[in-house]
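Q: Position 126 of the sequence shown, counted from 1, bears residue number 126 in full-length UniProt numbering, the numbering being contiguous throughout.
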Amino acid sequence: MALSNVLDDFEDNDLAEWNNVSGLNTDSTSYSGSYSAHGDHGTNYDNYLMAERGFGEEISKFRIYYKETSNSHGAAYQLFDSSGNRVCGFGTTNPGWTYTDGSSGVDAYSSSNYNDWHEVTLTFDYSAGTYDIRWENLSTGTVKNYTANLDTNNPVTSIEIVNVNQPEDIADQTMDQNTCCGAAYDHWTDYIQYEPRVSAPSQPQNVSVTVDANDQITVHWDEPDDWGGERGDYNVDINRDGMGYTNPRGAPNLINDDGSTSYSQAYTPSSDEPYDRVVGIDSSFKFRIRAQNSAGNSSWTYSSTVYTEPIPPHKPSVSRPDANTFEFKWTNKTDQASLGSISTTLVLREDTGSGYGNWQRFWGTDVTSKGDTQTLTIDTNTTLEADMSGETLNEDARYQFKIRYWNGSSGSENVHFDYGNNGNVYFEDDFESGDLSNWDSTTGANVRSDSGNGDLGISGADQGTYWVDLTQDIDNDGNLIQKNLGDLSGESDVIVKCVMATGSMDNSTEWTVIDWYDGSSWQEIVAHGHEYNKQGWVEVSALVPNSYLSTDNRIRLGGRGGLGGADFHGFDRVVISDILHEYTKPAAPTNLVSRATGSGELELGWTDNASFEDQYEIFYRQTGASSWTDDQTISSDSEKATITGLPNATRYELKTREVVEQPRNGSVNEWWFHDNIHPNISTPLGATKLNTPSGSIEVPVFDLQDVDRSFMRLSTPSGTGALNFVDPSNADLDQIRVNTESYGVQGLSSEVENE
1 MALSNVLDDF EDNDLAEWNN VSGLNTDSTS YSGSYSAHGD HGTNYDNYLM
51 AERGFGEEIS KFRIYYKETS NSHGAAYQLF DSSGNRVCGF GTTNPGWTYT
101 DGSSGVDAYS SSNYNDWHEV TLTFDYSAGT YDIRWENLST GTVKNYTANL
151 DTNNPVTSIE IVNVNQPEDI ADQTMDQNTC CGAAYDHWTD YIQYEPRVSA
201 PSQPQNVSVT VDANDQITVH WDEPDDWGGE RGDYNVDINR DGMGYTNPRG
251 APNLINDDGS TSYSQAYTPS SDEPYDRVVG IDSSFKFRIR AQNSAGNSSW
301 TYSSTVYTEP IPPHKPSVSR PDANTFEFKW TNKTDQASLG SISTTLVLRE
351 DTGSGYGNWQ RFWGTDVTSK GDTQTLTIDT NTTLEADMSG ETLNEDARYQ
401 FKIRYWNGSS GSENVHFDYG NNGNVYFEDD FESGDLSNWD STTGANVRSD
451 SGNGDLGISG ADQGTYWVDL TQDIDNDGNL IQKNLGDLSG ESDVIVKCVM
501 ATGSMDNSTE WTVIDWYDGS SWQEIVAHGH EYNKQGWVEV SALVPNSYLS
551 TDNRIRLGGR GGLGGADFHG FDRVVISDIL HEYTKPAAPT NLVSRATGSG
601 ELELGWTDNA SFEDQYEIFY RQTGASSWTD DQTISSDSEK ATITGLPNAT
651 RYELKTREVV EQPRNGSVNE WWFHDNIHPN ISTPLGATKL NTPSGSIEVP
701 VFDLQDVDRS FMRLSTPSGT GALNFVDPSN ADLDQIRVNT ESYGVQGLSS
751 EVENE
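1. Quick one, which of S504, G570, V659, S635 has its alpha-carbon nearest P269's?
2. At what residues does the beta strand (DSSP E) containing D132 begin and finish?
3. Report the start-end ranges of each beta strand (DSSP E) in the stretch 12–49 that is 3 residues or longer and not cut off at the edges.
4. May I have the straight-line CA-CA distance separating D429 from V574, to the nearest angstrom?
5. Within 10 Å of its beta-carbon, does L7 have 16 or more other beta-carbons around it, so buried, or fewer, so exposed?
6. Which residues in the same chain have their Cβ closer than 6 Å to the Cβ of V120, if we skip the five residues on either side of it in sequence?
7. Would you kindly report the start and end of the unbroken alpha helix (DSSP H) that includes D379?
8. Quick one: grab the DSSP three-state call for N5.
9. Quick check: what's the CA-CA separation for G371 versus W537?
10. Taking only runs of the beta strand (DSSP E) that begin and end inside the stretch 496–582, which ones reach a length of at least 3 residues, in chain order?
11. Quick check: the Cα distance between G229 and S199, rounded to an integer number of angstroms?
12. Would you check if there are 3 or more beta carbon pairs closer than 8 Å linking the stretch 499–514 to the stretch 551–564?
13. Start and end of the alpha helix (DSSP H) containing D258?
14. Mark M1 as exposed unless 16 or more other C-beta atoms lie within 10 angstroms of its C-beta, in which case mark it buried.
15. Rounded to whole angstroms, what's the CA-CA distance from D237 to N25? Just pull it up for me.
16. Reducing DSSP to helix, strand and coil, say where A51 ends up.
17. Apart from the five residues on each side of it in sequence, which residues of its chain come closer than 8 Å, Cβ to Cβ, to Y302?
18. What are the partner residues of I59, as DSSP defines its beta bridges?
19. S262 to P248, Cα distance in whole Å?
20. If you compare alpha carbons, which of T688, N676, N665 is closest to S317?
21. Looking at the unbroken alpha helix (DSSP H) that takes in I474, where does it start and where does it end?
22. Do three or more CB pairs link the stretch 528–543 to the stretch 420–427 at distances below 8 Å?
23. How many angstroms separate the CA atom of R657 from the CA atom of L346?
24. Report the residue ranges of all alpha helix (DSSP H) runs contained in full by the stretch 289–361; include only those spanning at least 4 residues, in chain order.
25. With a CB to CB cut of under 7 Å and the five nearest residues on each side skipped, what residues in its chain are close to D176?
26. Assess, as a yes-or-no matter, whether the stretch 121–133 is touched by the stretch 52–70 under the definition of 3 or more beta carbon pairs within less than 8 Å.
27. For N115 versus T69, is the C-beta spacing smaller than 7 Å?
28. Report the rounded CA-to-CA distance for E17 versus D40, giving the unit in angstroms.
29. Just confirm the distance between the C-beta atoms of D506 and S298, as a whole number of angstroms; I'd bet it's less than 8 Å.
30. Quick one: what's got a C-beta closer than 8 Å to R290's C-beta in the same chain, skipping five residues either side?
31. Mapping the DSSP letters down to three states, classify Y263 as helix, strand or coil.
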């Protein structure tokens, strides 16, 4: 097989590309084609150098064809490096074969075969300092192979055709004396070929990575600046979550060179392949690329780190030490938790009485290690951050909270803290019954307590003992669990909370899904594809669009698109509810009034200012007593309450308690309230008889300190008449006896109001 490059085949019938030509011309005798170079010295000796020429590059292999007649005294070929140092040489001794071995010339083989074309091939191993020689008589088929030492390890870059006929002359580095030279007569050289020297290529350039989606990352790079004399191909390695570099799946790791200057290769998940070899959600990725050819590999070129979306915080919840304090808690399950590039973002929306506003970021915090449970405590005195920088939470308001992760380039799904206002958990199943009795349809589903198929990436239930496992597909196999929820047409802000696990999704058309029936058709509200393979339990909190709420709602869980059969879907702690309202302390009422309105009777009055409240509770206690008596509960829209059946001439303390209920998980578990102390007041001290034109009436007698004279009036059919008070010197100082000049006393009372 011919070598890749031809230095000269002499078919141009001249030697114009050769230098220092002496005693050499072209001739019609040839090995290939029509012409060759002919040495025709006609004297017994002549110049040593007949011609020289450079290859234009370093070479790794060399081939030449020659023949001679019996008239020839031999000729030789010497090969040099770029500094002019001889690397090796070979030739004939008419008709023997000779070559250099380091500083010595070797008379290798004697032959009487004149007029035969010979092929000589040299293969260089510069690192070992040797070369291999293959010598063949093309007429007789005689082949000889030798290995010899180079004079220098530097690569060959030029050739000389010289007039030498003895081994010692070939070995001599100063073959420039006439005595060294025989007459190279009737010696032909033809079809000089070579292979460029191949060295390992330099590194690929400009490596970059783009995250196209959670299930696709594309690697880009440019070719090496230097291929080292031979184009080759590229190796690509993947490093997921710092687990170490390895061959990726989901696309080839060996990319063939096609002569382009720039390349791109997309990588995806790949069903059951090892987790560290595939692209997927919730991970960091680095890639490295090297070029390679027959001489070896380049150094690796490394990409920067990129991230797919993290999975959400796990099991977010809120506890409430008091009406104005929130303790948030969540668990870090993301694989990005320990990478130092991810933070937690908390968001809220606020309703101060006019409806909820937009969602706003209010806090961010660094993420600690995977598996850690983190907490955050804020109250109405805490200065908030992010979108709400400089603000605080308000009393007399309600809030809804969500949480997500942010890794600098992408964020997880938001998940809601807790769930379920009073009576608004529409369905809930944590499978701890060990069966599916809470569901209306169950096909191909199993309640399990083990880890299930390893491709799910779980060790058992997310919480408790049991979880549900489904395989295959809703649409093609009918495998699902379904709950008929009934009429939710009057509801809003309905969410589905659960955890899901996914395994063995083969491609981008297979998913683990949650479907919602909107009264006429099924709507897909959650779909986890092959990017979730082996991810384990993932927190889900999906808002059902209000347009999907109808008189006939249903939910079903299962898989979609899995025609291969070996697809796995896990579910645990399923809840359908509305978004929880978190209330703060209600606003205090104003204009607190205490009245003594009749015998054994006290009245409380106030102006209501709260945006959110559920009821008022009314308390009293005798002045000096330690405990309160809970007298009654009234509706939140009231501004007055009356306590009856009290003994007269007794001073009391009065209290209204303004209450807002705090639900959680579908029932009320806490109450936030505002206690409001009214002015203390005495029940009437007794009664006195007043004579009027219409008859005798009974009038209460009030404690002097409770009477505001500017307030006291007498209501009569014809208007308001004055109340005349007796001279205090003529009465008990603790009492006021009331006389009247008008007819019909109505609504007479004493009153004390908070200033």
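For glycine and all other residues, C-beta sits at the position ideal for the given N, C-alpha and C.
A: On the basis of the coordinates in this document:
1. S504
2. 130–137
3. 24–27, 36–40
4. 5 Å
5. buried
6. I64, W135
7. Careful: D379 lies outside any alpha helix (DSSP H), inside the beta strand (DSSP E) at 373–379.
8. strand
9. 13 Å
10. 511–517, 522–528, 538–544, 553–560, 568–578
11. 6 Å
12. yes
13. Taken as a continuous stretch (DSSP letters only), D258 belongs to no alpha helix (DSSP H), as it is neither H nor E.
14. exposed
15. 56 Å
16. strand
17. V207, K286, F287, R288
18. V156, P196
19. 20 Å
20. N665
21. 474–477
22. no
23. 33 Å
24. none
25. With a pLDDT of 40 at D176, under the threshold of 50, the predicted position of this residue should be treated as unreliable, though the coordinate-derived value follows. For D176, where only same-chain residues beyond five positions count, the Cβ hits under 7 Å are Y48.
26. yes
27. yes
28. 19 Å
29. Contact flag wrong, Cβ pair sits at about 35 Å.
30. Q203, P204, Y234, N235, N297, S298, S299, W300, T301
31. strand
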